[in-house]
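Report on the structure given below.
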Amino acid sequence: MSMCVLDAGDAAFTVEFGDAIDPDLLAAVNALDVGIARLQAEGGLPGVIETMPTFRSLTVFFDPLQTGREVLLEALRPLFAASGHSGGDNGRLWRLPVCYEGIFAPDLAETARTLGVSEDEVVALHSGSEYLVYMLGFLPGFPFMGDLPKALRLPRRPEPRLRVPPGSVAIATGLTAIYPWESPGGWHLLGRCPVTLFDAGRESPSLLLDGRIRAHSALAQIG
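Under this note's numbering, the very last position in the sequence shown is 232; numbers go up by exactly one each time.
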């Protein structure tokens with residue numbers, strides 16, 4: 010597994026693993042993130058402010074008045090070696106209800122036609138798979154999840170919507186996601202999930218920080 014360290018200004022650096030969206034790279038990112046948190050709890054990384062994980066990288070933010078890039082990299086060297094051999098546990102399994110009907114699924118029929126399958130097959134494929142939470146981004150609490158079954162892979166819509174309702178369950182390329190807020194968006198909307206993904210009043214505002222997701226068709230449109 011390849012790894013490189015990139016400068017990100019004078020108070021951060023980014024550790025990159027590979028160049029693809031891949032569960033093994035995600036495991037390496039998570040292992041490094043967990044290792045840094047453990048060292049912080051033990052008092053071994055003074056000056057580290059926070060970390061930001063993505064699909065294949067981890068950015069470490071630090072206070073340059075307390076520590077420096079080379080000092081931190083030396084302290085993290087054992088973690089770099091360990092993260093390259095990580096794997097196994099992908100976190101908790103979340104089972105989320107989704108309504109794949111009516112006004113909650115505005116792109117379901119078009120998606121089925123484009124893919125050459127029935128609407129029921131689209132729902133069965135989407136709800137019959139487990140997805141890894143690769144990262145949060147775009148909006149607070151917005152989970153990028155994968156990998157979609159190959160039979161469901163489509164490019165983004167040619168014309169994004171100006172407003173996508175919160176809770177919308179969507180697909181694009183090889184990923185699926187749930188919009189936590191109303192926002193513009195160019196993904197294909199297959200359903201709606203009633204679970205609140207982001208709440209600033211919670212101790213951990215974002216619900217889906219990590220783990221695996223399985224959607225299940227458990228709700229019908231009312232009215």
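C-beta atoms are modelled at their ideal positions from N, C-alpha and C, and glycine is treated no differently. Fair warning: this is a prediction, and the values are worked out from it, not measured in the lab.
Per DSSP, the beta bridge partners of histidine 197 are Ile180. Residue state for leucine 218 is assigned as coil, using DSSP reduced to three classes. Between leucine 157 and isoleucine 180 a beta carbon distance of about 6 Å is seen, short of the 8 Å cut, so the two are scored as contacting. Taking C-beta separations shorter than 8 Å and ignoring five residues to either side along the sequence, the partners of serine 66 in its chain run Thr23, Val24, Glu25, Phe26, Val38, following chain order. In the structure shown, the three-state DSSP call for proline 152 is strand. Under the DSSP assignment, serine 66 falls in the beta strand (DSSP E) whose first and last residues are 66-71. Between proline 106 and proline 167, the C-beta gap is not smaller than 8 Å, which leaves the two residues out of contact.
The C-beta distance from glycine 200 to alanine 114 rounds to 5 Å, short enough to meet the 8 Å contact threshold. Contact between the stretch 188-198 and the stretch 170-177 is present, with at least three C-beta pairs closer than 8 Å. If you draw a straight line from the Cα of aspartate 19 to the Cα of leucine 85, it comes to about 18 Å. The three-state secondary structure of phenylalanine 147, taken from DSSP, is coil.
Where arginine 172 is concerned, the enclosing beta strand (DSSP E) starts and stops at 170-173. For glycine 220, the closest C-alpha among the options Met154, Leu48, Glu79, Gly44 is that of Met154.
A distance below 8 Å separates the beta carbons of aspartate 116 and leucine 198. For leucine 206, no alpha helix (DSSP H) run applies, since DSSP gives it neither H nor E.
Straight through space, the alpha carbons of alanine 118 and proline 87 are spaced by roughly 51 Å. Here tyrosine 143 is near isoleucine 30, since their CB atoms are less than 8 Å apart.
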